[in-house]
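First the structure, in the form of structure tokens, and then the observations on it.
Residue numbers (this note's numbering): 23 to 183.
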């Protein structure tokens, strides 16, 4: 990541253009960094990457921010999915977990649940244990959902390297 560990989870607002229309998004710094890196690697502008995410999710009820997060994490591990595949990955899912011996509910895009499940499987831990580890070890995250998204993005980028 280009940012310090403490800044990675901090959310900031940035301006982007989607199909030529200016809008703003609030993303964790790690995702702004990933947006710039993916755009640079593709030899294009970050607005093109954002517009691509918006195009893939155009027939879903997901937010632009969710679409961009999933799109950036997906492109780190492979080719751009079809519109239908992407819409399945960006769909928000409710999961009930145990966190510090309390039941909690976390809403998260399917892609990140899949990524977290993969991390838990590789580490031979339960989802509950993995969420507790992520919450304790992802600096600057503003919520459990944010910490999970950052952990999955970091996992994807680490495996790519």
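Where a beta carbon is used, it is the ideal one built from N, C-alpha and C, also for glycine.
Beta-carbon proximity of residue 116 to residue 129, cut-off 9 Å
On the chain shown, position 94 is the one that residue 116 refers to. On the chain shown, position 107 is the one that residue 129 refers to. A distance below 9 Å separates the beta carbons of residue 116 and residue 129.
Of all the options 155, 56, 84, 133, which has the alpha carbon lying nearest to the alpha carbon of residue 121?
As a first step, residue 121 is located in the chain shown; it is residue number 99 there, counting from the start. Selection 155, 56, 84, 133 evaluated against residue 121 yields 155 as nearest (Cα-Cα).
Would you mind working out which of 139, 133, 44, 69 sits nearest residue 84, comparing C-alpha positions?
Taking the first residue of the chain shown as position 1, residue 84 is located at position 62. Among 139, 133, 44, 69, the Cα nearest to that of residue 84 belongs to 133.
With a cut-off of 8 Å on the beta carbons, I'd call residue 173 and residue 160 a contact; round off their distance for me.
Position 151 of the chain shown, counting from 1, holds the residue named residue 173. Position 138 of the chain shown, counting from 1, holds the residue named residue 160. Indeed they touch by this definition, with Cβ atoms about 5 Å apart.
Distance between residue 49 and residue 86 (C-alpha atoms, nearest Å):
Residue 86 sits at position 64 when you count from the first residue of the chain shown. Residue 49 sits at position 27 when you count from the first residue of the chain shown. A straight-line Cα-Cα distance of about 10 Å links residue 86 and residue 49.
Going by beta carbon distance, what residues of the same chain come within less than 6 Å of residue 169, once the five residues before and after it are set aside?
Locating residue 169 in the chain shown gives position 147, where the first residue counts as 1. Hits under 6 Å: 156, 157, 160, 163.
With H, G and I counted as helix, E and B as strand and the rest as coil, what does DSSP make of residue 165?
What you label residue 165 is simply residue 143 of the chain shown in a count that begins at 1. If DSSP states are grouped into helix, strand and coil, residue 165 belongs with coil.
Residue 115 bridges to which residues according to DSSP?
Locating residue 115 in the chain shown gives position 93, where the first residue counts as 1. In the DSSP output, where bridge partners are listed per residue, residue 115 has 130.
What's the C-alpha gap between residue 33 and residue 54?
Position 11 of the chain shown holds residue 33. Position 32 of the chain shown holds residue 54. One C-alpha to the other measures close to 9 Å.
Starting from residue 83 and walking both ways along the beta strand (DSSP E), at which residues does that stretch end?
Here residue 83 corresponds to residue number 61 of the chain shown, with the count starting at 1. Counting along the chain, residue 83 falls outside any beta strand (DSSP E), and DSSP gives it neither H nor E.
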